[in-house]
Amino acid sequence: MNRRKFLFSGTIGLGTTSIFPSSIISNDNTISIFSIGKGFTKISGQIHHLPVAFLSKNLAKTHVELVNLLDDKGYTYNNSEVVKLSNSCFIIPLIKKPLIGFYSKELAMLIKHNGIYNYYILKEQTALAFNSLIENFIKSSKSQGLHLDALTFITPNRIIKESYGKENTFTYKNAIGNTITLKGSTKRQIAIIS
């Protein structure tokens, strides 16, 4: 083996060993639920961070399915915990890096309905609409002098519709019985309550 080939192969070998472990083993790009928006910061005293090891059998099974999907689609997330909104709704903050552009902050939801957990992914604009719903509900109740439970109001209890396209739509019923529709696109993010 001549000297030139040796130096070239040694440089490539060192380069791959120095880059590979830092991109695969360490996962320091995780996102906090509080970086999605101020709404989650306002309910920080009501939500709980729950280690994945403490999930029930049904929830853990759905969590594994969700994690496999997230890994396939290139999401970055904290795989050691979920955020508990209620006994039937858990969320995981996500980051997705597109080929060109900025990171997008999204939410994965694990929701129990009729004893079965299903997962849903709220794209960035819909996640912003969800955050705005929290912020506006808290502001409205404070301005009226009411002490309403924001977490019970915003937490999905049953999913009615989920669609993706130019405008992403996520419609659900909360525990109180209100139907909430979150719509998000590049131009607007709204929450409709009926």
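Residue numbers -15 to 178, in my numbering, belong to the letters of the sequence shown in order.
Glycine residues also receive a C-beta, built at the ideal position from the N, C-alpha and C atoms.
Note that the coordinates shown come from a computational prediction; the quantities given were computed from them, not determined experimentally.
Legend entry - At least three beta-carbon pairs within less than 8 Å, the stretch 102 to 116 to the stretch 44 to 62: yes
Inset, instruction - Would you mind stating whether Ala134 and Ile122 have Cβ atoms separated by less than 8 Å? - result: yes
Inset, instruction - Report yes or no: do the stretch 62 to 69 and the stretch 31 to 38 share at least 3 C-beta pairs separated by less than 8 Å? - result: yes
Inset, instruction - Return the bridge partner residues of Phe154 from the DSSP annotation. - result: Glu146, Leu166
Inset, instruction - With a cut-off of 8 Å on the beta carbons, I'd call Leu78 and Leu94 a contact; round off their distance for me. - result: Not quite, the Cβ-Cβ distance comes to about 13 Å (not below 8 Å), so this is no contact.
Inset, instruction - Starting from Leu78, follow its DSSP beta bridges and name the residues at the other end. - result: Tyr61, Glu90
Legend entry - For Ser28, the three-state DSSP class (helix, strand or coil): coil
Legend entry - Residue of Ile15, Ile164, Asn158, Thr165 minimising C-alpha distance to Ser72: Asn158
Legend entry - Status (buried if at least 16 other CB within 10 Å, exposed otherwise) for Leu53: exposed
Inset, instruction - Measure the beta-carbon distance from Phe114 to Leu166 and round it to whole angstroms, keeping in mind my assumption that it falls under 8 Å. - result: 6 Å
Inset, instruction - Sort out for me which residues DSSP pairs Gln173 with in a bridge. - result: Gly168
Legend entry - His120: first and last residue of the uninterrupted beta strand (DSSP E) it sits in: Note that residue 120 corresponds to Asn in the displayed sequence, not to His. Where Asn120 is concerned, there is no enclosing beta strand (DSSP E), although the alpha helix (DSSP H) it sits in stretches over 108 to 127.
Legend entry - Ile160 versus Pro140, Ala175, Thr170, residue with shortest Cα-Cα distance: Pro140
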